[in-house]
Amino acid sequence: MRHERRIQVGPVGFRIGSDWAAPLAALDRLYAGYPEPAIADFTVRLEAPRPWRRWLRPKVHIGGDYMLPDAAPLSLAHGLLAAEMGMNLQMALGQRRYLLLHASGVEKGGRALLMTGLSGAGKSTLAALLGECGWRLLGDEFALVDCDSGALHPFPRAVSLKNAAVDLFDDVDPGRLGPLLADTPKGTIRHLRPNDDAIARMEETAMPALLLFPRFGHAAEIREVGQGEAFVRLTQASTNYVALEERGFEALARLIRTVPVRAVDYPDTESAVEAVERLCEDLA
Amino acid sequence: MTDARLLTRALADPPSTASFGPADWTPLIAMARAEQLLGSLAHRLDGLAQSDKVAELLAAARASADHARRTALWEAEMARRALADIDARVILLKGTAYVAAGLSAGIGRSIGDLDILVPRASLDAVERALIGRGGWEWVKEDDYDDAYYRRWMHELPPLIHKERDRMIDVHHTILPPTARPTPDADALIADSEALDPSEPRGLRVLSPPDMICHAACHMLADGDLAGGLRNLWDIDRLLRDFGEREGFWDDLAARAERHQLTKPVARALRLAEALYGTPVDGDVAGRGRAGDALYIRRLLARDGWGRETRKGLRQAFYIRSHWLRMPPAMLARHLWTKWRKG
């Protein structure tokens with residue numbers, strides 16, 4: 000393709016090709032400092048759905064090794080988002096080496112905290128906030144569980160801050176922020192590069208020590224969650240649990256058996272960070 | 000400009016990948032994924048020395064193919080149970096048949112839908128059983144499409160399972176009745192073989208020569224060559240499994256003639272020989288024709304990013320596929336109706 004950029008995120012290498020220079024220039028700035036893989040696990044293609052769409056009201060179709068048949072193209076102004084969605088899509092549809100959980104993760108002292116929940120529950124924002132105050136960010140979107148060892152492989156791609164969460168990161172180094180993307184299909188989005196520590200240590204795994212189901216917008220409350228419920232919720236949060244067959248089952252069962260699980264309701268982000276820190280001290 | 004030669008060479012001659020560097024592997028893997036051949040390739044390259052990254056990627060592809068295999072066999076078993084009371088032979092076709100029969104073509108193969116062949120006279124009973132007892136339902140609720148399938152196609156409109164989300168295609172022959180060759184469906188069914196000879200009422204597969212006829216017909220007489228490299232790989236593997244058997248090539252020639260598929264079978268053999276080095280019988284393959292080169296260019300129309308290339312040639316084969324499938328006046332009516340419905 001005309002333009003190419005390669006990015007290594009944790010154990011996964013991406014090759015991103017594009018018909019336009021702009022999306023890859025934005026990707027280049029956002030992923031400054033990331034290694035480049037010699038052999039890519041996945042290929043992403045940002046291409047014009049029709050030849051004239053390269054110039055005339057340009058549209059970006061998200062292609063690659065794995066594609067959704069009827070995904071709507073994005074405007075070129077949202078090309079960076081298209082690249083991010085393309086990488087996510089490869090993971091969600093093609094990842095078979097690790098048990099993939101739709102979960103965020105942070106680590107401190109070799110012990111990892113996993114957070115999962117429905118979209119809008121705040122797992123991504125919480126992980127990003129913890130990543131700015133002494134925790135190492137493992138990933139804001141996908142947690143990669145090693146089926147053999149049970150360890151978490153970091154996948155510290157850029158954090159996707161959405162809508163109100165964008166304002167919470169006003170005081171980080173502006174060089175770590177991507178452009179403000181308004182009116183995307185998911186609202187306003189701004190990407191945040193994890194801090195240098197998270198990137199430098201992206202090959203360093205961590206053992207899970209606590210699993211949380213956070214929920215934003217409710218009165219502060221912490222509840223225990225039974226193993227059965229936690230297991231079923233994680234099967235729903237995994238994109239490849241079925242495809243991994245017995246290995247996936249064993250990995251998930253081990254995770255649920257070995258870590259405490261709590262549901263955390265929180266009214267605002269400060270109290271959530273506080274509650275999570277306290278829980279970790281008590282349980283992990 | 001790169002094309003899918005990279006992939007066909009790696010499949011046909013695995014040790015040739017020993018000299019591959021990173022600049023070869025990334026395009027090779029992208030091409031193999033796009034052609035649904037990564038699982039087959041991963042099995043072909045198993046055991047050869049590779050970098051850790053390549054070995055990891057190929058191991059994951061093999062695991063993925065194992066899952067596809069298990070899922071396909073389970074789906075076949077579900078269909079068998081749903082149809083057990085019907086007094087008709089049920090014949091597995093394509094990928095599911097290859098894995099069920101333990102053929103080389105099944106090794107690492109990706110498998111999507113379940114394809115079965117049943118006698119036309121049993122079609123209604125099969126349909127009722129799949130929907131009533133089996134839990135399958137119609138995919139589309141479009142009167143024109145439904146009527147079109149029932150009147151003009153060699154299969155029922157596709158059914159999907161309510162819970163497992165898997166499709167089943169129920170065929171009563173292997174080409175649309177509107178196509179010019181008319182394969183002998185009764186002979187396909189009569190000469191099919193039980194997977195388990197001690198279980199004659201169990202699932203069946205086509206006889207070896209009929210399997211080749213069907214694969215060739217599916218690839219060359221019924222489509223635009225989409226997925227052609229995979230279909231041709233099936234043919235290569237099948238011919239290597241069967242080619243040494245006593246009398247196989249004579250049987251193949253006779254069956255191809257009986258199904259009016261002599262030309263597609265001959266061409267499939269020549270293409271397999273050209274791209275995968277398949278050992279073929281010269282009398283059945285016939286003399287190379289000028290058109291073969293176009294087919295080869297079309298089959299290899301894929302670049303190192305996994306993109307389709309040679310758009311004009313692809314379009315020409317697409318138009319040809321409709322031309323083969325129906326007479327011109329009917330094609331015009333069909334396209335008009337489809338166009339009006341948007």
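Those protein sequences? They're chains G and Y, same order as listed. Per numbering that gives the first Met the number 0, the very first residue in the first sequence carries number 0; after that it's consecutive. Per numbering that gives the first Met the number 0, the very first residue in the second sequence carries number 0; after that it's consecutive. Glycine included, every Cβ here is placed at the ideal spot set by N, Cα and C.
With DSSP run on the structure shown, which of helix, strand or coil describes residue 42 of chain G?
strand
Can you find a CB in chain G that lies within less than 8 Å of the CB of residue 63 of chain Y?
yes
Quick check on this structure: which residue in Y/176, Y/147 and Y/129 has the alpha carbon closest to the alpha carbon of residue 167 of chain Y?
Y/129
How about residue 201 of chain G: is its C-beta nearer than 8 Å to some C-beta of chain Y?
no
As a quick exercise: from Y/190, Y/288 and Y/87, pick the residue whose alpha carbon is nearest that of residue 201 of chain Y.
Y/87
Say whether chain Y places a C-beta atom closer than 8 Å to the C-beta of residue 0 of chain G.
yes
Which listed residue (G/62, G/37, G/11 and G/12) has its alpha carbon closest to that of residue 305 of chain Y:
G/62
Considering only DSSP beta bridges, list what residue 74 of chain G is partnered with.
G/58
Inter-stretch contact at 8 Å, needing at least 3 Cβ pairs: the stretch 52 to 62 of chain G / the stretch 226 to 234 of chain G:
no
Hey, out of Y/268, Y/283 and Y/285, whose CA is closest to residue 277 of chain Y's CA?
Y/268
Helix, strand or coil for residue 346 of chain Y? Go by DSSP, reduced to three states.
Residue coverage of chain Y in this structure runs from 0 to 341, which leaves residue 346 of chain Y outside it and unanswerable.
Rounded straight-line distance, which links the Cα of residue 78 of chain Y to that of residue 205 of chain G
45 Å
Rounded Cβ spacing between residue 281 of chain G and residue 214 of chain G (contact assumed at less than 8 Å):
Contact doesn't hold; Cβ gap of about 19 Å is too wide.
At what residues does the beta strand (DSSP E) containing residue 144 of chain G begin and finish?
141 to 144
Helix, strand or coil: how does DSSP classify residue 242 of chain Y here?
coil
Alpha-carbon spacing of residue 19 of chain G relative to residue 314 of chain Y, whole angstroms
26 Å
Near residue 109 of chain Y, which residues of its chain fall below 6 Å by C-beta distance, leaving aside the five closest residues on each side in sequence?
35, 38 and 67
Given residue 74 of chain Y, which residues of its chain have a CB within under 6 Å of its CB, disregarding the five upstream and five downstream residues?
113 and 165
For the candidate residues G/93, G/52 and G/30, whose alpha-carbon lies nearest to that of residue 29 of chain Y?
G/93
Under 8 Å between C-beta atoms, does residue 73 of chain Y make it to chain B?
This model lacks chain B altogether; the protein chains it does include are G and Y.
Please list the partners that residue 40 of chain G has in chain Y, where partner means a Cβ-to-Cβ separation under 7 Å.
56
Might you give, ordered along the chain, the residues of its own chain that have their beta carbon closer than 8 Å to the beta carbon of residue 3 of chain G, omitting 5 neighbours on each side?
14, 15, 16, 17 and 23
Step through the CB atoms of chain G and report whether any lies within less than 8 Å of the CB of residue 284 of chain Y.
no
Pull up the DSSP beta-bridge partners for residue 262 of chain Y, would you.
DSSP output for residue 262 of chain Y lists no bridge partner at all.
Let me know the secondary structure DSSP gives residue 265 of chain G once reduced to three states.
strand
Threshold first: 3 residues or longer. Then list the beta strand (DSSP E) segments lying entirely within the stretch 106 to 187 of chain Y, N to C.
113 to 116, 135 to 137, 158 to 160 and 166 to 170
Cutoff 7 Å; reference residue 43 of chain Y; Cβ partners in own chain excluding five residues on either side:
10 and 13
Alpha carbon of residue 181 of chain Y to alpha carbon of residue 72 of chain Y, nearest angstrom:
30 Å
Using C-beta distances below 6 Å, list every residue in its chain close to residue 103 of chain Y, excluding the 5 sequence neighbours before and after it, in chain order.
236 and 240
Give a yes or no on whether the minimum CB-CB distance between residue 163 of chain G and chain Y is below 8 Å.
no
Are the C-beta of residue 138 of chain Y and some C-beta of chain G separated by less than 8 Å?
no
By the three-class DSSP mapping on this structure, what secondary structure does residue 204 of chain G have?
coil
For a test of the three-state rule: what should DSSP assign to residue 152 of chain G, helix, strand or coil?
strand
Residue from G/133, G/110, G/105 and G/109 whose Cα sits closest to the Cα of residue 122 of chain G
G/105
I'd like to know whether the C-beta atoms of residue 163 of chain G and residue 177 of chain G end up nearer to each other than 8 Å.
no
Report back the beta-carbon spacing between residue 238 of chain Y and residue 279 of chain Y to the nearest angstrom; my notes put them in contact at under 8 Å.
6 Å
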